[in-house]
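Presented below is the structure to which this report refers.
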């Protein structure tokens, strides 16, 4: 198996840096769009064969150094019975959003290995076909809770923050329930065979530093402590340009940086035994090949002696990025030594 | 005149910290809503008598230590002829958004003191009626350009960043034009009598650190250099929790912090001759009075020996905040020594 990604996660990589891209299996790929013409997004998430197929698509086309499980962070709310659908062009919809303490108290306690068995099945199917490590994942409790409260994508997380500020105990109860499910979910993924995990706190940047500590970091820590095996975990949050030093306090194997900060300067604040992943602005991929090469090389040069560096974007792939841009990005990294 | 705000901007305040709130004259006030029932938002922005009246509303109700001119950052695009309207509940609409180099090259070069004379007239009317300093303002070129390109509020600034990445020269030309207009506009405000200025880069947090330097900071610096009088200028950006050290490089009188970072820790990175303004999470005002007092006091205690500290929110007032919450906030600060 290609060793670069796991070596870098151990901060022991002496070769070129590994590369994978958040949302690397997605709508920007014609092969993915062809499948989406036949199946809904949720049908694809629920079907082990399709999970296995989609997970591998970008590896065949671009040759990344790690695969990430094809799934969605909202399968946990779905298992919690709040109703999930994806409306074309609108993103996720939670059909029965959470708004009160009573809503939270009456959430069921599902058996995650039963409810989300299709994910484990997908992992077991794809794993033997891979020659790179497989990354499993889940959403962070704060981000998953936000979706459950807002009911859809939001530009300000107003309802979430109102509940958080007005009834912090109710909000904490919800976070705790999601964290418990997430522990079961990630342990199931470990049993099924993933090589590493990433936890996505996509909406953490709406929080102040003290609320981040109380309502995000504490539950990330709970999840890390609840994992049964010593498996490397990467923590991603939008807002990591501010919160990365806090993330480092709970000693994940790696931290995935969003694109606002200078990853070279961030390394000065993050201990050298924690891998740093990132952090190209995804919008750079709209630029010319020359622009892409220049910006990728800036990051590569800055991190060139770092044994714990993993190249990635600062956020997920945008659906209308040309495939050629991704090819140029990956080639620039592979040709870097 | 109440000296607290200008003393703090000089980093020479030995009394309690001054307080004002971004968007302190706004929809959360019943007196403001009563006026908005009679006039459109743009009618209010265009009318010197209403500018003078609205500017004073929060001072009468809450007793802030500074007034901020009632206006909008989009009067500059309006003067540039791209068409501006505000649709109820939808926010600003630019009727003829910019998308090409040709669009930018054919923008007119308006005489700002003529086009925006109503703002100067409003300042001249209100200034003699105030017993606190008056803050003038404009939008930062990056944020104003983003509105002109997106045509409306945007959750990702996709079109803006595409133009920036694909045609940086065209984008720079647009920023340069807006900066030139902004210099004329702020100089007009100085002549009319404002005591300080704030420049709002509300959308800077979409930028990477290097793009921030190239496409935001450079034009903020151009504006600072173009002002005719030695007047204190505060720079605000969303993203200042990351970019504040860059903002400090161009030596503004003050930096206004968004709410993500710890202002006490940020002070360690910002020289003591630059005032720091901020940085309460605006959503805290949804909390109980006890919560508001506790969070305000946390900031006050952290900054208690800082002679250059100005209390503010980390972003603008939210329209549905109860007035009592603002009263509790202001009283907590006024009773702090």
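Protein chains in written order, with my numbering: chain A, 1 to 337; chain B, 1001 to 1337.
Glycine included, every Cβ here is placed at the ideal spot set by N, Cα and C.
Under the 10 Å beta carbon count, residue 1281 of chain B is surrounded by 16 or more other beta carbons and is classified as buried. Chain order gives the chain A residues near residue 1259 of chain B as 208, where near means a beta carbon separation below 8 Å. The stretch 1168-1178 of chain B makes no contact with the stretch 1254-1262 of chain B; the number of CB pairs closer than 8 Å stays below 3. A straight line joining the alpha-carbon of residue 122 of chain A with that of residue 130 of chain A spans about 13 Å. Boundaries for residue 180 of chain A: no beta strand (DSSP E) harbours it, while the alpha helix (DSSP H) harbouring it runs 168-192, taken from the DSSP string.
Between residue 244 of chain A and the set A/226, A/227, A/264, the nearest pair of CA atoms involves A/264. Taking the Cα positions, residue 1084 of chain B is about 29 Å away from residue 1213 of chain B. With contacts defined by Cβ atoms closer than 8 Å, residue 136 of chain A and residue 194 of chain A form a contacting pair. For residue 13 of chain A, no pairing in a beta bridge is given by DSSP. In this structure residue 50 of chain A touches residue 39 of chain A by the C-beta definition: roughly 7 Å separates them, less than 8 Å. In the structure shown, residue 1023 of chain B adopts coil according to DSSP, grouped into three states.
For the set A/144, A/150, A/189, the Cα lying nearest the Cα of residue 220 of chain A is the one of A/144. In terms of Cβ geometry, residue 1021 of chain B and residue 1013 of chain B do not form a close pair [threshold 8 Å]. Nearest CB-CB separation between residue 1242 of chain B and chain A: below the 8 Å threshold. The stretch 144-164 of chain A makes contact with the stretch 194-206 of chain A, as at least three CB pairs between them are under 8 Å. Taking the Cα of residue 1067 of chain B as reference, the smallest distance to any Cα among B/1246, B/1055, B/1324 is reached at B/1055. For residue 1284 of chain B, the nearest CB of chain A lies under 8 Å from its own CB, placing it at the interface with that chain. Just so you know, the alpha carbons of residue 1166 of chain B and residue 287 of chain A end up roughly 5 Å apart.
The beta-carbon of residue 1316 of chain B is placed no less than 8 Å from the nearest beta-carbon of chain A. Residue 239 of chain A belongs to the set of residues whose beta carbon lies under 8 Å from a beta carbon in chain B. Where residue 1280 of chain B is concerned, the enclosing beta strand (DSSP E) starts and stops at 1275-1280. In this structure, residue 132 of chain A lies near residue 59 of chain A, with their beta-carbon atoms less than 8 Å apart.
Residue 1291 of chain B has a beta carbon lying within less than 8 Å of a beta carbon in chain A. Close CB contacts of residue 1241 of chain B within its chain, under the 6 Å cut and outside five residues either way in sequence, are with 1258, 1260, 1261 (chain order).
The shortest C-alpha to C-alpha distance from residue 1303 of chain B to any of B/1321, B/1326, B/1333 is the one to B/1333. Among the residues facing chain B, residue 27 of chain A is not included, as its CB has no counterpart in that chain under 8 Å away.
With respect to residue 28 of chain A, residue 319 of chain A sits close: the two C-beta atoms are nearer than 8 Å. Listed along chain B, the residues sitting closer than 8 Å to residue 287 of chain A by beta-carbon distance are 1165, 1166. The three-state secondary structure of residue 142 of chain A, taken from DSSP, is helix. In chain order, 283, 286 make up the part of chain A whose C-beta sits under 8 Å from the C-beta of residue 1162 of chain B. Here DSSP, grouped into helix, strand and coil, assigns residue 1247 of chain B to helix. Between residue 1116 of chain B and residue 1079 of chain B, the CB-CB gap stays under 8 Å.
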